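Just so you know, the sequence shown maps onto residues 175 to 501 in the numbering used here.
Written below as structure tokens is the structure these notes are about.
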Amino acid sequence: MRALVMEQGSDGLAAAHVKDIDEGMLPAGDVTVKVEYSTLNYKDGLCLSPKGGGLVRNYPHVPGIDFAGIVETSKDARYAPGDKVVLTGWRVGEMHWGGYAEKARVSADWLVPLPHGLTTRQAMAVGTAGFTAMLAVLALEDHGLTPDKGPVLVTGAAGGVGSVATAILANLGYEVAGVTGRPEQAEYLKSLGASQIVARGDINEVVKRPLEAETWAGCIDAVGGEMLARILGQLKYGGSVASIGLAGGANLPASVIPFLLRGVNLLGIDSVMQPFENRQRAWARVATDLPLDKLDSMTVSATLDDLPKLGADILQGGVKGRVVVEI
Ligand code: NDP
């Protein structure tokens, strides 16, 4: 079977090779899936990098943190040959072999049935990035966000999580402001439903005053660092920010004043270890709340051979929207 395999050289650095490998190399697991599509997330960029981003433990390694395809064989009663399935998270593609191969073998616990209304290709256009955007929307709603409360800020807006978050929020009737470091993507973000574009440089500054004007009813933040610290002081009273990423840094040089004087909430979002019921809830909402024409307009196709370059690009913030990998 064809696969993208990361192999370590004598210098200890890993490089990607697209090659034919024996199916006997597949790991142990309950369900073998014929992979139709995978995708590219920021974390895939890390796993494709020479040091594996600190995520890959053993080589040779098949990356790809997401895949969608058709069950070929199953030792688990929940899945039968021919079933369409999706996998995101569970450290597949990092600690475990992932989706950049014609077949994958995993624990049945890690799979979800393909959501009604989506094809396997659309499910991978969503992927971990879009699934995480939906988890963030759900968390904000669970903390009281409604469209009448005011504008919602999306950071890293032209990236994968940001693009899907923008499209979902706009479709739900929210006024969306997108933060981007790429002014040339303003029209793209407006086409997804953003009504306001905020330049990254206007918000990516060290906190000088712990409280600024109450501006945002909520925020989905893919950037972290100084930008997240600054946003905390701009939330409206009782507003929430869903922290999903660290594209701008893992530190949080913030003040606790917005928590104490404005009752704002900082909500952590993890997509990797989400229990099955929450996964189904989020995928069902993706199927109903993400307009598929917007999903198509933010997605480009790629092959296994394109991945080494795309992996480097996404770590530089150079990938727009979502990439579907045709296996
Ligand atoms: P992308 O690269 O597609 O998007 C990230 C975006 O952030 C970029 O497109 C860019 O948007 C912006 N950005 C990049 N570098 C910087 C910088 N130095 N300062 C400010 N903004 C920057 O990645 P994904 O959407 O796949 O992932 C986004 C983040 O979310 C990553 O950190 C990823 O690890 C994390 N993540 C976390 C998950 C979880 O379970 N919590 C799941 C999925 C992703 P623009 O050009 O518009 O400014």
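Note that CB positions come from ideal geometry on N, CA and C, so glycine has one too.
Fair warning: this is a prediction, and the values are worked out from it, not measured in the lab.
Alpha-carbon spacing of W284 relative to K483, whole angstroms: 29 Å
Which partner residues does M180 have in the DSSP bridge list? A190, H235
Straight-line CA distance for V372 to V353? 5 Å
Classify V142 as helix, strand or coil using the three-state DSSP reduction. Residue 142 lies beyond the residue range present for the chain, which begins at 175 and ends at 501; the question has no answer from this structure.
Are the region 426–442 and the region 450–467 touching, with three or more C-beta to C-beta distances below 8 Å? no
Would you kindly work out how many angstroms separate the C-alpha atoms of A282 and M401, rounded to a whole number? 39 Å
Looking at C-beta atoms only, is the number of pairs between the region 288–295 and the region 330–338 that lie closer than 8 Å three or more? no
Could you check where the alpha helix (DSSP H) with P287 kicks off and where it finishes? That residue, P287, is in no alpha helix (DSSP H); its beta strand (DSSP E) goes 285–287.
Confirm, please, whether the CB-CB distance from L478 to V438 is below 8 Å. no
Among R496, A303, E210, which has the Cα closest to the Cα of K258? E210
K459 versus F433, Y253, C221, A297, residue with shortest Cα-Cα distance: For the record, residue 459 in the displayed sequence is Arg; it is not Lys. Of the listed residues, the one whose Cα sits closest to R459 is A297.
Where G367 sits in the DSSP three-state scheme: coil
Would you call the region 197–211 and the region 236–250 touching, i.e. three or more CB-CB distances under 8 Å? yes
Report the option in M472, K225, R496 whose CA atom is closest to the CA atom of S184. K225
Exposure of H191, with buried meaning 16 or more beta-carbon neighbours within 10 Å: exposed
Return the bridge partner residues of F241 from the DSSP annotation. S212, L261
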